[in-house]
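Worksheet: one structure, shown below.
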Amino acid sequence: MGEKIRLTTAQALVKFLNQQYISVDGVETPFVEGVFHIYGHGNVLGLGEALENNPGRLKSYQGKNEQGMAHAATAFARQNLRQKIFAVSASAGPGSANLVTAAGTAFANNIPVLFLPADTFATRQPDPVLQQLEHEHSTDLTTNEAFKAVSRYWDRIDRPEQLMSALIRAFEVLTNPATTGPATICLPQDVEAMAYDYPVSFFNKRVHYVDRKLPTQRELDGAVAAITQSKRPVLLVGGGAKYSEAREELVALSEKANIPIVETHAGKSTVEFTHPNNLGGNGILGTSAANKAVMNADLIIGIGTRYTDFTTSSRTLFDFDNTTFLNINVNRGQAYKFDGFQVVADAKAALQSINKNIGDYQSSYGEETASLKQEWENERNRLAATEFNRNDFKPEIADHFNQEILNDYADALKTELTQTEALIKVNDVVDSDAIVISSAGSLPGDMQRIWNANVANTFHLEYGYSCMGYEIAGALGAKLAKPEQESYAVVGDGSFLMLHSEIVTALQYDKKINLLLFDNSGFGCINNLQMDHGNGSTGTEFRNANNEIMNIDYAKIGEGYGLKTYSVNNLKDLTAAVEDAKKQTVSTLIEIKVLPKTMTDGYDGSWWNVGVAEVSEKESVQKAAAERQQILDNARQY
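Per full-length UniProt numbering, residue 1 is the first one in the sequence shown, and the count goes up by one each step.
What follows is the structure, given as C-alpha cells:
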C-alpha cells in the first residue's frame, strides 16, 4: 500500500503546496510563493497551526483586509505572468465573504489565485456556529457558495482524504493557460484539524508543465492566408500575448510586414510604446491613432484578447462590412468571437510559425503608421501643456458643471493643476522600469491613453473587473513580484477611500510602494458618465452637509500610518516630490490635488453602451437615449 504519514488536513495542504513546481520553456520554478492570511474563527487553529509549525519554504504574510490581501495575491501572479501564485486564507463567514470581490477580479482577468476560505463544521454537530448562515431549505448551504460564480474550480473538503483529488484538480486549472483563474477550496474548520494517514507519494515533487500549444497546419495556413490577403491588418495585443511572453514575435511580425500594434488594457506594455509601430491603447479609452487604425482596418489580428466592451467600444469600433478577424487564443471560446478565423494556440508559438510563413508580405500602410503616431504625440503634448484658466477653461462638461463651479473647486482644493498635465509629468519623471498599477475611476482612461510604457511589462491596469480598491494592494503584489523595481499605485481619492488597508502590510514587511493619490474630491469618472447622458451631478461629488466641497488631507492620513508623504498642487512641487520619493526606503504617498473635469475625453471610436433611461422628464436624457438607440441600430449584435 506504500508508506503513509499522519497529518491534519491543513498540514497536508501546506506540505503539498511546498512541492508544486511549474515548468515553462524548460525553466522549472516553485509555483506557490506563500500564503496571505487573516486568522480568525475557522482557520487559525487549523491552517494557522500548520503554517506556524512547518511552513516549509512558503512565505507567510498577515493581511489587513481580506479583499486587499487577495488583490495583492492577484497582482503578484499577474506581474509574474501567471508563473507564480499566492494562496489566500480567511476565517469563516464574513472573513471569507470579503474575498469574493477579489475572486471576481482574479476571475475576470484570468489570474491564478488559490482561495482557501474557512467554512462551518462538516459534522454539523455544533451548528449553528458563530458566523454561520442558516437556510431553511438546506443545511449544506454556507457563505462559501458565493465563490462558485467567481471560481474556475470550486470544491469543499468534507473529509480529509478528499483533499488529494481536490488539490490535483485545482492545480490543473491554476496551471492551464486556457482555463486559469481562481481555484477555491473551502475548508470546514473541523476537517482542517482532522488527522488522516496520507500516502507519502502524494507529497512527492510535482511539476506542472506548461507546454506551448502549436497551431495545426490548417490553422497556420488559414492565418497566413488571412494576413497575406489583407491590405490594412492591425495587431490587437491582449493580455494573453503578455502572459505568453510574445513580445519578440510581435515585434518581428510588426516590423517585417509593417503592421501597426494597438493594445488592450491587459496587453499594454507587452511591447513598449517607444516602438515606432505601437499606436497605444485602443477602444473606449483608446488613443486617436489606435482607434483610427482599427476603424480603417480590413483585418484585426486579435492575440490573447477577450474583446471586452472597452476594447471594442461596445462593438462599434470595427467596420464589420469590410473587416474580418483572425483570433489567436489558447481558449477556444475566446477564439470564436466576432466569427473570427480561429487559431487555438499559444500566442508566442503561433506568431513564430506565422513569421516563418508569410514570405515577403507587406501591408499597404507605408508611412501612415508613423503619421498616426506623430498625430497622437502632438495631442499628448497639447494635453501636457493644457493649463487651467479661471475665465475660459472650457472643459467638456454638462450644464451643471460650469466655469463658476470649477473655480469653486480650485478655491476649495487650493489647486489649478489638471489631471492630464500631472499624470504626464509623473510619466516623465519616474524611472523607465517603474511598474505602475491602476484600476478604477477616470485614471485608467488617462493611463491607457497618455501613459507611455517605455519598458515591457511595466504597465499593470486591472480593467477586467475595474475593481475600486485594487490599486494599493496591487502595488504591494507587484513589489513582491519585482522587488528590484519601484512600484506605483495610481489611485483616485474615491478608490483610496474604498480600500487602502495594505499600506500597513507594506510598512510591516518593509516592502516599499509609492502612492500617487489624485484628489478631485469626488467620483469623477461616474460624474462624467451621468452628466454625459443628460443627468445632473447627484451623489458623485464629495460635499458636506452645507454643500461645501470637501478638502480631505490625505497626506496627513498617510503620515499617520507611517508613510513619507507629500502634498502638491503644481508641477514644480510634483516633480520634486517624485524625485525625493525615489530616494526613500519607506513607502511614500504623494497627494496630488487636481481639478475635476480635467481628464482626457473620448476620441473617435470611443462610444460606450450604457443603460440610459428610455422615459424621462428631462429633454437632455431623452436626447441621450435617442442617440444611444441610433448607434445600437447600426451595431453588430453577435
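Think of the CB as a built atom: it goes at the ideal place given N, C-alpha and C, for glycine as much as any other residue. As the structure is a computational prediction, the values presented were derived from the model and not from experiment.
Return the bridge partner residues of H135 from the DSSP annotation. BP columns for H135 point to S138.
Does the distance from the CB of G477 to the CB of A106 come in under 8 Å? When the beta-carbon positions are compared, G477 and A106 stay at least 8 Å from each other.
Proximity test, N329 beta-carbon vs the ligand HEM heavy atom, cut-off 7 Å: The ligand content of the structure shown is nil, which means the ligand HEM is not present either.
Which residue's Cα is closest to the Cα of A50: S23, S89, V27? S89
Where does T175 fall in DSSP's three states? For T175, the three-state secondary structure derived from DSSP is coil.
Euclidean distance between Cα positions of L99 and P215: 38 Å
Using DSSP with H/G/I as helix, E/B as strand and the rest coil, what is L516? strand
For the region 571–635, list the alpha helix (DSSP H) runs that are entirely contained and at least 4 residues long, ordered along the chain. 571–583, 619–633
Whole-angstrom distance between T305 and G333, CA atom to CA atom: 11 Å
L187 - partner residues in DSSP beta bridges: A118
Which partner residues of N59 appear in the DSSP bridge assignment? Correcting the residue identity first, residue 59 is Lys in this sequence and not Asn. The partner list for K59 (beta bridge, DSSP) reads G34.
Between the CA atoms of D127 and V491 - distance to the nearest angstrom: 43 Å
Mind the definition here: the region 52–59 touches the region 17–36 only if three or more C-beta pairs lie below 8 Å; say whether that holds. yes
Secondary structure at G46, three-state DSSP: helix, strand or coil? coil
Sequence-distant residues of its chain with Cβ nearer than 7 Å to V251 (five each side left out): V271, H275
Is the number of C-beta pairs between the region 592–604 and the region 281–291 that are closer than 8 Å three or more? Contact between the region 592–604 and the region 281–291 is present: three or more C-beta pairs spanning the two stretches fall below 8 Å.
Quick one: grab the DSSP three-state call for I259. coil
Identify whether D221 lies in helix, strand or coil by the three-state DSSP scheme. helix
Go through its chain and collect everything with a Cβ distance to A577's Cβ below 8 Å, but skip five positions before and after it. Y566, V568, I590
Give the straight-line distance between the Cα atoms of L81 and S244, rounded to the nearest whole angstrom. 8 Å
Any idea what DSSP makes of K205, helix, strand or coil? coil
Going by alpha carbons, who is nearest to T139 out of A70, N402, A122? A122
On the three-pair Cβ rule with 8 Å, is the region 615–634 touching the region 552–560? No, they do not touch.
Can you tell which of V455, P260, F523, F496 has the C-alpha that lies nearest to the C-alpha of G558? F496
Taking its Cβ as the centre, do 16 or more other Cβ atoms sit within 10 Å of G366, making it buried, or is it exposed? exposed
Count the other CB atoms, across all protein chains shown, that sit within 10 Å of the CB of T29; report buried if there are 16 or more and exposed otherwise. exposed
Would you decide whether E263 is buried or exposed? Buried here means 16 or more other CB atoms lie within 10 Å of its CB. buried
Candidates A613, G562, L595: closest to T588 by CA position: G562
Assuming contact is defined by CB atoms lying nearer than 8 Å, are F401 and M531 in contact in what I supplied? The answer is yes: Cβ separation under 8 Å.
Let me confirm a value: D319 is counted as buried when at least 16 other C-beta atoms fall within 10 Å, else exposed. Which label applies? An exposed status is given to D319, since fewer than 16 other beta-carbon atoms sit within 10 Å of its beta-carbon.
Beta-carbon contacts of S466 that lie in its chain and below 8 Å, excluding the five residues immediately before and after: Apart from the 5 residues on each side of it in sequence, S466 sits with its Cβ closer than 8 Å to the Cβ of S439, A440, P444 in its chain, given in chain order.
So, at 7 Å on beta carbons, what are the nonlocal neighbours of N457 in its own chain, with the 5 sequence-adjacent residues on each side left out? Once the five neighbours on either side are set aside, the close Cβ partners of N457 are K242, S269.
Name the one or two DSSP bridge partners that E541 has. The beta-bridge partner set that DSSP reports for E541 consists of G522.
Contact set for V430: own chain, Cβ-Cβ below 8 Å, skip 5 residues either direction: V436, E486, Y488, V578, K582
I'd like to know whether the C-beta atoms of E192 and L47 end up nearer to each other than 8 Å. The Cβ-Cβ distance between E192 and L47 falls below 8 Å.
Roughly how many angstroms separate the alpha carbons of Y336 and N544, rounded to a whole number? Their Cα atoms are separated by approximately 51 Å.
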